[in-house]
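Each residue of the sequence shown is one higher than the last, beginning at 887 in the numbering used here.
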Amino acid sequence: MNSPWIFLGMKFVVLFFIYLFVFKVVAMIARDIKGKTSGGSHEQSLADYAGQEVCEAYGLMAIQSIVDDIKVGMQYPVKRYMQIGRSAENSLRINDAFVSHEHARIYYRDGRYWIEDLNSRNGTLLDGKRIDRPVPLDEGALLSIGGVTFKVVRWENESG
């Protein structure tokens, strides 16, 4: 006699978890779409600093990479403002599924460089710790975004 009620209860539990899963997927997609379209302040900042030259001689040197486009040993100059992410519009593009379209940004303020995560899904790690606010970016620091780890180094300009 209890068997039909147990079976009915199990149906509702399974149905609940299916709806919960669908809700989570839709919420994640909505958050990703919102991040792509509502980046007004970040886009404005990028436009303000576009074309700016290097302030101090810093670079990002890839020390670990599982991404085809970024090889270990490659160096990228740190600009006054640079945005990092999977989108082609970024200053530094990392074509990795674990990198958000607009993942992080580096900017120069108060005489030093800062790194800020742009509410990316998988986070930005500085020296192995996930950052949740702008933090100073110093020489020797390890910056991990997706499958790439960079070391902040003195920039060796090839022209002299």
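For every residue, glycine included, the Cβ atom is placed at its ideal position computed from N, Cα and C.
In this structure, Gly-971 lies near Ser-986, with their beta-carbon atoms less than 8 angstroms apart. Leu-946 is a Cβ neighbour of Gln-961, given a cutoff of 8 angstroms. Across the structure, Asn-981 and Lys-897 are spaced so that their CA atoms are roughly 42 angstroms apart. Proximity to Pro-1020 across Val-1034, Arg-1040, Lys-1037 and Ile-992 peaks at Ile-992, based on C-alpha coordinates. Across the set Ala-990, Phe-984 and Leu-894, the C-alpha of Ala-990 shows the shortest separation from the C-alpha of Asn-976. By the beta-carbon neighbour count (other beta carbons within 10 angstroms, threshold 16), Ile-915 is exposed.
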